[in-house]
Amino acid sequence: MNLFYHIRQAFSNLRLNRFMSFAAVSVMTICMLLTCTLTLLTLSIDNELRTLQEENEIDIYIDKSVSQKKALAMEQTLLAIDNVESVTFVSKEQALEAYRARLGENGDILTEGWEKAEENPLRDSYIIHVKDIRLLDDTSEEIAKIKGVANVQASSEVAALLVRLRDTFRTTAMVMVVALGFVSLFIISNVVKLGMMARKDEIAIQKMVGATNHFVRMPFVIEGFVIGCLGAVIAFPLQWLLFDKLSSAIGSMVSGFAMLNFMEIWPFVIGAFLAAGIAVGVVGSWITIRRFLKV
């Protein structure tokens, strides 16, 4: 019976202060949209970095003056470098076969006479995978210092750009979570204050006849709960639409960049929205009414 009374009172407060309630729900929705969009962008970039780290490699070519036996002996030196995860030796004979395969039917014609080792213009080489793609340049520089290494090739520009974007989005998302969280708490607190001022006489009577703080507090806590839920319910479809448009736009601008599949993560998104909305709504209401009841 008390629960239905509290729910009726909560919705009565929301109707009475409909402008501030609308503002609270709007701020909550915007907060969720901005924070979630930045978070999903950050996770998408993290995913691309992991894929890039698996695919990206350092190719090193051994000086022609170094024998194949000595080239093979370099493996332990390369593995001793901190950021090196694995090394694969590719002999110039293997490189020749791979080159012929890429040329297709013209391979034998264009590489005719390269069968003998001394006639093969290709070099022994290593394919190196690293542990941390952010250290690609430093690792390449360290490898280049090894005696017998003629050339080092590594494409680190894309990796460096993704790392910078990821760090920027992550920092921005964290700042916005804190800032917009405070804004949401402030708006919700004011909604609750207005409701309390409108019912101050009723609350005073309730206290005089023995109503507990819990009884007085419940309608306002439910009010914060409703505001949080409404923000989450409104934000979720908007987030789905926004993320779909954003994915299409980024896909057309950055070839090969794959955003997260929203169909796979939507349960986590709606769960996070509800958890965040309810937490901010209830906490904001609880803090406000607690301070009021102490007066």
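Just so we're on the same page, the numbering used here is the position in the sequence shown counted from 1, plus 7. All C-beta atoms in this analysis are idealised placements derived from N, C-alpha and C, irrespective of residue type, glycine included.
Should K77 and G155 be called a contact, given that it needs their Cβ atoms to be closer than 8 Å?
-> As a working mapping, residue 77 is identified with position 70 in the sequence shown. As a working mapping, residue 155 is identified with position 148 in the sequence shown. For the 8 Å CB-CB criterion, K77 and G155 form a contact.
Nearest-angstrom Cβ-Cβ length linking L192 and G291, presumed shorter than 8 Å | Position 185 of the sequence shown, counted from the start, is the residue given in the question as residue 192. Position 284 of the sequence shown, counted from the start, is the residue given in the question as residue 291. Contact holds; Cβ gap of about 4 Å.
For the alpha helix (DSSP H) containing T95, list its first residue and its last residue.
-> Numbered from its first residue, the sequence shown carries residue 95 at position 88. T95 -> not in any alpha helix (DSSP H); beta strand (DSSP E) instead, spanning V91 to V97.
Option in R130, T146 and R173 with minimal Cα separation from E55 | Walking along the sequence shown from the start, residue 55 turns up at place 48. Among R130, T146 and R173, the Cα nearest to that of E55 is on R173.
Nearest residue (CA-CA) to T295, options I241, S196 and T219 | Residue numbering aside, residue 295 sits at position 288 when the sequence shown is read from its first letter. Taking the Cα of T295 as reference, the smallest distance to any Cα among I241, S196 and T219 is reached at S196.
Beta carbon of E100 nearer than 8 Å to that of K138 = Translated into the one-based positions of the sequence shown, residue 100 becomes position 93. Translated into the one-based positions of the sequence shown, residue 138 becomes position 131. Going by beta carbons, E100 and K138 fall outside the 8 Å limit.
When we look at the beta-carbon of T49 and count the other beta-carbons within 10 Å, is it buried (16 or more) or exposed?
-> Residue numbering aside, residue 49 sits at position 42 when the sequence shown is read from its first letter. T49 comes out buried.
With a cut-off of 8 Å, do at least 3 Cβ pairs link the stretch 268–279 to the stretch 221–237?
-> Judged by Cβ distances under 8 Å, the stretch 268–279 makes no contact with the stretch 221–237, as fewer than three pairs qualify.
Along the chain, where does the beta strand (DSSP E) that runs through I135 open and close?
-> Residue 135 sits at position 128 when you count from the first residue of the sequence shown. Segment S132 to V137, the beta strand (DSSP E) holding I135.
Helix, strand or coil: which one does DSSP assign to M27?
-> Locating residue 27 in the sequence shown gives position 20, where the first residue counts as 1. In this structure, M27 counts as helix in the three-state DSSP scheme.
Within 10 angstroms of its Cβ, does G288 collect 16 or more other Cβ (buried), or is it exposed?
-> In the sequence shown, the residue the question calls residue 288 occupies position 281. The residue in question, G288, is buried, as its Cβ has 16 or more Cβ neighbours within 10 Å.
Taking only runs that begin and end inside the stretch 138–175, name each unbroken beta strand (DSSP E) of 3 or more residues, in chain order.
-> DSSP assignment within the stretch 138–175 yields the following whole beta strand (DSSP E) runs of 3 residues or more, N-terminal first: 156–160.
Alpha-carbon to alpha-carbon, L245 and N268 = For the purposes of this step, residue 268 is taken as the residue at position 261 of the sequence shown. For the purposes of this step, residue 245 is taken as the residue at position 238 of the sequence shown. N268 and L245 have their C-alpha atoms some 16 Å from each other.
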